[in-house]
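This report concerns only the one structure given below.
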Amino acid sequence: MSAADSNPRSNAQKVRPMRYSIGQILMEIEEDREGFVSGREMVEQDEISKLFKRRVQKRVRE
Amino acid sequence: MKISFDAISSFASNRCMQALPKSVLLIDDEAHVRMYVRLILQQLGVNNILEAPNCEAGLEIFKTELPEVVLLDINMPGMTGLELLPKITRMYPETAVIMLTGQASRQLVETAEHGGAVFYIRKDLDRTEIARLLEDLFRQLFGEEDE
């Protein structure tokens with residue numbers, strides 16, 4: 435480790451401020467959450483069958 | 006790997022096999038899945054089974070063959086099944102599109118339902134269960150009214 439690395443003032447000078455938009459960050463978090471839920475949460479087949487039952491019945495009547 | 010379909014065969018042989026679509030188009034990018042589903046359909050008694058490895062090829066086959074049923078995967082390279090679904094239902098509403106996919110989030114299921122899919126089957130189900138669902142559906146869609 436060099437002397438410059440151990441000097442806090444020197445290190446502080448190396449750090450460049452990064453500007454984030456809080457709105458952008460929140461939007462990304464929200465997208466991540468949605469992606470996680472939609473990617474992992476599987477609807478049970480019984481529930482799917484119930485959801486499509488009306489569509490099948492309607493089609494049969496037609 | 007040898008797959009035994011005895012259970013399906015026995016299941017199918019005990020049922021009336023008249024209620025079947027004349028042709029089924031199977032669109033899935035995974036060859037082993039197409040083979041797997043083809044075997045299920047054959048055991049159910051479906052004779053005319055068409056296959057496509059992606060939605061673009063599937064759409065071309067669909068336009069020329071106009072199958073009564075399309076079994077459609079969702080997650081495929083290029084056009085997804087959910088993009089192809091409304092194209093088919095708008096072009097030829099008589100065709101019954103059944104989603105057959107490993108993904109079943111509420112959002113996907115509802116999108117497929119709104120897009121005109123007649124049914125949605127999870128690919129991770131046991132093969133006898135997939136066969137039972139398909140047979141029930143075929144009987145409702147293609148069976149006699151007094152059945």
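As given, the protein sequences belong to chains V and D, one line each in that order.
Everything in the first sequence is counted per our numbering, starting at 435 for the first residue and increasing by one.
Everything in the second sequence is counted per our numbering, starting at 6 for the first residue and increasing by one.
Glycine residues also receive a C-beta, built at the ideal position from the N, C-alpha and C atoms.
This one's a predicted model, so the numbers in the text were calculated from it and none came from an experiment.
In whole angstroms, what is the alpha-carbon distance linking residue 134(D) and residue 119(D)?
-> Along the second sequence, one-based indexing puts residue 134(D) at 129. Along the second sequence, one-based indexing puts residue 119(D) at 114. C-alpha separation (whole angstroms): 25 Å.
Could you tell me whether the Cβ atoms of residue 81(D) and residue 34(D) are closer together than 8 Å?
-> As a working note, residue 81(D) is residue 76 in the second sequence. As a working note, residue 34(D) is residue 29 in the second sequence. Going by C-beta atoms, residue 81(D) is nearer than 8 Å to residue 34(D).
Kindly give me the distance between the Cβ atoms of residue 138(D) and residue 126(D), rounded to whole angstroms, as I take these residues to be in contact under 8 Å.
-> Here residue 138(D) corresponds to residue number 133 of the second sequence, with the count starting at 1. Here residue 126(D) corresponds to residue number 121 of the second sequence, with the count starting at 1. Right, the Cβ-Cβ distance comes to about 5 Å (below 8 Å), so this counts as a contact.
CB contact below 8 Å: residue 495(V) versus chain D | Stepping through the first sequence from its first residue, residue 495(V) is reached at position 61. Taking Cβ atoms only, chain D never reaches closer than 8 Å to residue 495(V), which makes this a no.
Which bits of chain C does residue 125(D) rub up against, with CB to CB less than 9 Å?
-> Reference to chain C is not applicable here, since the protein chains of this structure are V and D.
From residue 32(D) to residue 71(D), what does the alpha carbon distance come to, in whole angstroms?
-> Within the second sequence, residue 32(D) is the residue found at index 27, counting from 1. Within the second sequence, residue 71(D) is the residue found at index 66, counting from 1. Approximately 14 Å between the Cα atoms of the pair.
Residues within the segment 134 to 147 of chain D neighbouring chain V, beta-carbon criterion of under 8 Å | 134, 138, 142, 145, 146
For residue 40(D), which of helix, strand or coil comes out of DSSP?
-> For the purposes of this step, residue 40(D) is identified with residue 35 of the second sequence, where counting begins at 1. Note: residue 40(D) maps to helix in three-state DSSP.
Limits of the unbroken beta strand (DSSP E) element including residue 55(D) | Residue 55(D) sits at position 50 when you count from the first residue of the second sequence. From DSSP, the beta strand (DSSP E) with residue 55(D) extends over 53 to 57.
Counting only beta-carbon atoms, is residue 132(D) nearer than 8 Å to chain V?
-> The count along the second sequence starts at 1 and reaches residue 132(D) at position 127. So no, residue 132(D) is outside the interface.
Neighbour list for residue 28(D) in chain V, Cβ cutoff strictly below 9 Å | Translated into positions along the second sequence, residue 28(D) becomes position 23. Under the 9 Å cutoff, chain V gives no residues; its nearest Cβ is about 18 Å from residue 28(D).
Rounded to whole angstroms, what's the CA-CA distance from residue 48(D) to residue 136(D)? Just pull it up for me.
-> What you label residue 48(D) is simply residue 43 of the second sequence in a count that begins at 1. What you label residue 136(D) is simply residue 131 of the second sequence in a count that begins at 1. Roughly 9 Å between the two C-alpha positions.
Is it right to say residue 491(V) is buried, meaning 16 or more other beta carbons lie within 10 angstroms of its own, or is it exposed?
-> Taking the first residue of the first sequence as position 1, residue 491(V) is located at position 57. Classification of residue 491(V): exposed, given that the 10 Å Cβ count is below 16.
DSSP on residue 22(D), reduced to helix/strand/coil?
-> As a position in the second sequence, residue 22(D) is number 17, starting the count at 1. Residue placement at residue 22(D) is flagged as unreliable, the pLDDT there being 48, under the threshold of 50; a coordinate-derived value is accordingly withheld.
Mapping DSSP to helix, strand and coil, what is residue 482(V)?
-> Counting from one through the first sequence, the residue named residue 482(V) turns up at place 48. Helix.
Output yes or no for whether 8 Å exceeds the beta carbon distance between residue 64(D) and residue 102(D).
-> Taking the second sequence and counting its residues from 1, the one referred to as residue 64(D) is at position 59. Taking the second sequence and counting its residues from 1, the one referred to as residue 102(D) is at position 97. Contact: no.
Closer than 9 Å by beta-carbon distance: list the chain V residues that pair up with residue 88(D), in chain order.
-> Looking up residue 88(D) in the second sequence gives position 83. Simply none; closest approach about 17 Å.
If we call anything under 8 Å between Cβ atoms a contact, is residue 124(D) one with residue 25(D)?
-> For the purposes of this step, residue 124(D) is identified with residue 119 of the second sequence, where counting begins at 1. For the purposes of this step, residue 25(D) is identified with residue 20 of the second sequence, where counting begins at 1. In this structure, residue 25(D) does not lie closer than 8 Å to residue 124(D) by Cβ.
State the DSSP-derived secondary structure class of residue 477(V), mapped to helix, strand or coil.
-> Here residue 477(V) refers to the residue found at position 43 of the first sequence. Coil.
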